[in-house]
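Numbering (full-length UniProt numbering), first residue to last: 1 to 163.
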C-alpha cells in the first residue's frame with residue numbers, strides 16, 4: 001500500500017470541444033436572421049480567437065452565441081478572456097478573445113499558499129503550469145480539493161492524476 005497520495009491541479013480545456021463549439025457558432029451565425037448578413041468571421045489560433053463582424057451589436061450577439069454553445073459543450077466560460085473590441089476598416093469591429101490555459105506563476109503561488117496555510121498535513125509543489133499536492137491521507141487530499149474548488153479564481157481548475 002502506498003504511503004503517500006497525490007494529485008495535480010491544472011487549468012486546461014478540451015481543444016476539440018472548442019473547435020466543435022466554434023463550428024456550431026459559425027453555423028448558428030450563418031443561419032440566424034439578424035446575423036446572416038453581418039459577414040462574421042471567427043478565426044481560431046493556438047492561444048486566441050478573433051471575431052470580426054459588422055457592428056458592436058452583432059459582436060455582442062456573436063459573444064452570446066459563443067457563451068451558449070460553450071456552456072452546452074461543458075466548456076468553462078472562464079477560458080475566454082474577452083479583450084476590448086477595436087474598429088477595423090469598413091465600419092467593422094474586431095475582438096480578440098484570449099484562451100486561458102495553464103496556471104500563471106502568481107496564481108500558482110497564491111493557490112499553494114492558500115493550501116499550505118489551511119491544511120498542514122499536505123505538501124504543495126509548483127511544477128510549471130500546475131500544482132502537485134501530496135499527503136499521507138486521502139481525506140486530506142479531498143479537503144485540499146474542496147478548498148481549491150471554493151476559491152474564486154479566473155481560470156477553471158481540474159484535478160488530475162489522483163493516486
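Beta carbons: idealized from backbone N, C-alpha and C, even for Gly.
Worksheet entry | Segment limits, alpha helix (DSSP H) that includes residue 71 | Counting from one through the chain shown, the residue named residue 71 turns up at place 71. Start and end: 56-72.
Worksheet item: When we look at the beta-carbon of residue 90 and count the other beta-carbons within 10 Å, is it buried (16 or more) or exposed?
Response: To locate residue 90, count along the chain shown from 1; it is residue 90. Counting Cβ neighbours within 10 Å, residue 90 comes out exposed, since fewer than 16 surround it.
Fill in: residue 152 to residue 126 span [Cα, whole Å]
Along the chain shown, one-based indexing puts residue 152 at 152. Along the chain shown, one-based indexing puts residue 126 at 126. If I take the Cα positions, the gap works out to 19 Å.
Worksheet item: Taking all protein chains shown into account, do 16 or more other C-beta atoms lie within 10 angstroms of the C-beta of residue 77, making it buried, or fewer, making it exposed?
Response: Within the chain shown, the letter at position 77 stands for residue 77. The residue in question, residue 77, is exposed, as its Cβ has fewer than 16 Cβ neighbours within 10 Å.
Worksheet item: Terminal residues of the continuous beta strand (DSSP E) containing residue 81?
Response: Numbered from its first residue, the chain shown carries residue 81 at position 81. Residues 80-82.
Discussion item. Using only CA atoms, which one of 150, 117 and 103 lies nearest to residue 8?
Written reply: In the chain shown, residue 8 corresponds to position 8, counting from 1. The option with the nearest alpha carbon to residue 8 is 103.
Worksheet entry | Under 8 Å between C-beta atoms of residue 33 and residue 135 | One-based indexing of the chain shown puts residue 33 at position 33. One-based indexing of the chain shown puts residue 135 at position 135. No.
Practice prompt. Check whether the stretch 70-88 touches the stretch 12-28, taking contact to mean three or more Cβ pairs, one atom from each stretch, closer than 8 Å.
Written response: yes
Worksheet item: Which of helix, strand or coil does DSSP assign to residue 153?
Response: Along the chain shown, read from residue 1 onward, the residue named residue 153 stands at position 153. Looking at residue 153 - three-state DSSP - the assignment turns out to be coil, as it is neither helix nor strand.
Worksheet item: Looking at the structure shown, is residue 160 part of a helix, part of a strand, or coil, going by DSSP?
Response: To locate residue 160, count along the chain shown from 1; it is residue 160. Strand, per DSSP.
Worksheet item: Quick one: what does DSSP say residue 107 is sitting in, helix, strand or coil?
Response: The count along the chain shown starts at 1 and reaches residue 107 at position 107. The answer is helix: DSSP assigns residue 107 an H, G or I state.
Item to complete: Please name the residue in 62, 50 and 88 whose C-alpha comes closest to that of residue 97.
Response: Start at 1 with the first residue of the chain shown, and residue 97 comes out as number 97. Considering only alpha carbons, the answer is 50.
Worksheet item: Got a sec? Which residues, its chain only, sit under 8 Å from residue 105 by beta carbon, not counting five neighbours each side?
Response: Here the question's residue 105 lines up with position 105 in the chain shown. Here the set comprises 126.
Worksheet item: How would you call residue 112, buried or exposed, if buried means at least 16 neighbouring beta carbons within 10 angstroms?
Response: The sequence position of residue 112 within the chain shown is 112, counting from 1. When all chains shown are included, residue 112 counts as buried.
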